[in-house]
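See below for the structure under consideration.
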Amino acid sequence: SQKIEQNSEALNIQEGKTATLTCNYTNYSPAYLQWYRQDPGRGPVFLLLIRENEKEKRKERLKVTFDTTLKQSLFHITASQPADSATYLCALGGAGSYQLTFGKGTKLSVIP
Amino acid sequence: GAGVSQTPSNKVTEKGKYVELRCDPISGHTALYWYRQSLGQGPEFLIYFQGTGAADDSGLPNDRFFAVRPEGSVSTLKIQRTERGDSAVYLCASSSGAGGITDTQYFGPGTRLTVL
Numbered sequence: 001s002q003k004i005e006q007n008s009e010a011l012n013i014q015e016g017k018t019a020t021l022t023c024n025y026t027n028y029s030p031a032y033l034q035w036y037r038q039d040p041g042r043g044p045v046f047l048l049l050i051r052e053n054e055k056e057k058r059k060e061r062l063k064v065t066f067d068t069t070l071k072q073s074l075f076h077i078t079a080s081q082p083a084d085s086a087t088y089l090c091a092l093g094g095a096g097s098y099q100l101t102f103g104k105g106t107k108l109s110v111i112p
Numbered sequence: 113g114a115g116v117s118q119t120p121s122n123k124v125t126e127k128g129k130y131v132e133l134r135c136d137p138i139s140g141h142t143a144l145y146w147y148r149q150s151l152g153q154g155p156e157f158l159i160y161f162q163g164t165g166a167a168d169d170s171g172l173p174n175d176r177f178f179a180v181r182p183e184g185s186v187s188t189l190k191i192q193r194t195e196r197g198d199s200a201v202y203l204c205a206s207s208s209g210a211g212g213i214t215d216t217q218y219f220g221p222g223t224r225l226t227v228l
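These protein sequences, in sequence, are chains A and B.
Here the first sequence is numbered in our numbering, starting from 1 and rising by one per residue.
Here the second sequence is numbered in our numbering, starting from 113 and rising by one per residue.
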């Protein structure tokens, strides 16, 4: 069955450092991958999308990579700030499908 | 502008009762999705509407769950004979429908359902 793993449930990082979150998947060939941010009591907020034929995407301080050989995506937040503290979810989508399959998320805490 | 809204924000019910959860999508969005998120888990897909029709309901766990979108705007998720295992946050999302499968989905705040 399809399986998505996000590297850890929680990640603590010092302010100003680069946070790196990992999303690994098995038994799946996604056409695209998305990253979302979720704050407590709120719905997820879309951050970035990367397609299977793209290696890297950037948006401001965010960078996503997608390696379909390793079946892995890395999500980087550079110059992290306490306001970046939240849970980050990766979600995979298949070709022709509107379904998103989400990982459990990684709770990031940026310590001042 | 207004985002996706969901009512109620919290619903407490007893085992065996019937509940309805409402979703108001962003105005003009033709695509609407329902997800369920249990504690410590990511959202789990339930159903996708394009306009008034359910284009994909493969995520509904069993026939106690049903969703409608009669006029292509507001949607209601209906759960019959609720069970304690149905307790979760039910999330609704909408998208414009113009971008295909990679349309950005905009999520509402969710309805927290607790079945006692």
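All C-beta atoms, glycine included, are put in the ideal place defined by N, C-alpha and C.
The model shown is predicted, which means the values in this text are computed figures rather than measured ones.
Straight-line CA distance for glutamine 14 of chain A to aspartate 169 of chain B?
-> As a first step, residue 14 of chain A must be located in the first sequence, where it is residue number 14. As a first step, residue 169 of chain B must be located in the second sequence, where it is residue number 57. If you take the alpha carbons of glutamine 14 of chain A and aspartate 169 of chain B, they lie about 43 angstroms apart.
Flag tyrosine 32 of chain A as yes if its beta-carbon sits less than 8 angstroms from any beta-carbon of chain B, otherwise no.
-> Position 32 of the first sequence holds residue 32 of chain A. Cβ-Cβ to chain B under 8 angstroms: yes for tyrosine 32 of chain A.
Determine the burial state of alanine 167 of chain B: buried for a count of at least 16 other Cβ atoms within 10 Å of its Cβ, exposed for fewer.
-> Start at 1 with the first residue of the second sequence, and residue 167 of chain B comes out as number 55. Alanine 167 of chain B should be labelled exposed.
Neighbour flag for aspartate 136 of chain B against chain A, beta carbons, 8 angstroms = The sequence position of residue 136 of chain B within the second sequence is 24, counting from 1. Chain A contact via Cβ: absent.
Is the CB of serine 85 of chain A under 8 angstroms away from at least one CB in chain B?
-> As a position in the first sequence, residue 85 of chain A is number 85, starting the count at 1. By this cut-off, serine 85 of chain A is not an interface position.
Identity of the residue in A:Ala19, A:Glu56, A:Thr18, A:Leu11 nearest leucine 33 of chain A by Cα = Residue numbering aside, residue 33 of chain A sits at position 33 when the first sequence is read from its first letter. Selected option, being the one with the closest Cα: A:Glu56.
Taking the alpha-carbon positions, what's the glutamine 81 of chain A to aspartate 175 of chain B distance?
-> Residue numbering aside, residue 81 of chain A sits at position 81 when the first sequence is read from its first letter. Residue numbering aside, residue 175 of chain B sits at position 63 when the second sequence is read from its first letter. The straight-line gap from Cα to Cα measures roughly 46 angstroms.
Might you give, ordered along the chain, the residues of its own chain that have their beta carbon closer than 7 angstroms to the beta carbon of glycine 16 of chain A, omitting 5 neighbours on each side?
-> Translated into positions along the first sequence, residue 16 of chain A becomes position 16. The answer, listed in chain order, is Ala79, Ser80.
DSSP three-state call for threonine 22 of chain A: helix, strand or coil?
-> Position 22 of the first sequence holds residue 22 of chain A. In the structure shown, threonine 22 of chain A sits in a strand (DSSP, three-state: E or B).
8 angstroms Cβ cutoff, glycine 103 of chain A in contact with chain B | Position 103 of the first sequence, counted from the start, is the residue given in the question as residue 103 of chain A. Closer than 8 angstroms: yes.
Assign tyrosine 28 of chain A to buried or exposed, taking buried as 16 or more other Cβ atoms, counted over all protein chains shown, within 10 Å of its Cβ.
-> To locate residue 28 of chain A, count along the first sequence from 1; it is residue 28. Flag for tyrosine 28 of chain A reads exposed.
Mind checking the stretch 197-213 of chain B against chain A and listing, in chain order, the residues whose C-beta falls within less than 9 angstroms of any C-beta there?
-> Val201, Leu203, Cys204, Ala205, Ser207, Gly212, Ile213
State yes or no: is the beta carbon of threonine 216 of chain B nearer than 8 angstroms to at least one beta carbon in chain A?
-> Translated into the one-based positions of the second sequence, residue 216 of chain B becomes position 104. Threonine 216 of chain B counts as touching chain A.
Would you give the residue range spanned by the beta strand (DSSP E) that arginine 134 of chain B belongs to?
-> Along the second sequence, read from residue 1 onward, the residue named residue 134 of chain B stands at position 22. Element bounds for arginine 134 of chain B: 131-136.
Could you tell me which chain A residues have their CB closer than 8 angstroms to the CB of alanine 167 of chain B, listed as they occur along the chain?
-> As a working note, residue 167 of chain B is residue 55 in the second sequence. Under the 8 angstroms cutoff, chain A gives Tyr98.
Unbroken beta strand (DSSP E) run spanning arginine 224 of chain B, endpoints | Walking along the second sequence from the start, residue 224 of chain B turns up at place 112. 223-227 is the span of the beta strand (DSSP E), which, as asked, contains arginine 224 of chain B.
Tyrosine 130 of chain B: contacting residues in chain A (beta-carbon distance under 9 angstroms) | In the second sequence, the residue the question calls residue 130 of chain B occupies position 18. What tyrosine 130 of chain B touches in chain A: nothing, since even the nearest Cβ is about 25 angstroms away.
Test item: CB-CB of valine 64 of chain A and isoleucine 50 of chain A under 8 angstroms | Within the first sequence, the letter at position 64 stands for residue 64 of chain A. Within the first sequence, the letter at position 50 stands for residue 50 of chain A. Yes, the pair counts as a contact, with Cβ atoms nearer than the cut-off.
Beta carbon proximity, arginine 37 of chain A to chain B, threshold 8 angstroms | What you label residue 37 of chain A is simply residue 37 of the first sequence in a count that begins at 1. For arginine 37 of chain A, the answer is no, since every Cβ of chain B falls outside 8 angstroms of its Cβ.
With DSSP as the reference, please indicate the residues paired to isoleucine 77 of chain A in a beta bridge.
-> The residue given as residue 77 of chain A occupies position 77 in the first sequence. DSSP lists A:Ala19, A:Leu62 as partners of isoleucine 77 of chain A.
Please work out which residues of its chain come closer than 8 angstroms, Cβ to Cβ, to glutamate 54 of chain A, disregarding the five sequence neighbours upstream and downstream, and give them in chain order.
-> Locating residue 54 of chain A in the first sequence gives position 54, counting from the first residue. Contacts found: Phe66.
Quick one: measure Cβ to Cβ for phenylalanine 219 of chain B and proline 44 of chain A, integer angstroms, because I've assumed they're closer than 8 angstroms.
-> As a working mapping, residue 219 of chain B is identified with position 107 in the second sequence. As a working mapping, residue 44 of chain A is identified with position 44 in the first sequence. Right, the Cβ-Cβ distance comes to about 5 angstroms (below 8 angstroms), so this counts as a contact.
Per-residue DSSP class, three states only, for threonine 179 of chain B = If you number the second sequence from 1, residue 179 of chain B lands on position 67. It is worth fixing the name first, because residue 179 of chain B is alanine in this sequence and not threonine. Strand at alanine 179 of chain B.
Based on the DSSP secondary-structure assignment, which residues constitute the bridge partners of leucine 108 of chain A?
-> The residue labelled residue 108 of chain A in the question sits at position 108 within the first sequence. Per DSSP, A:Leu11, A:Ala86.
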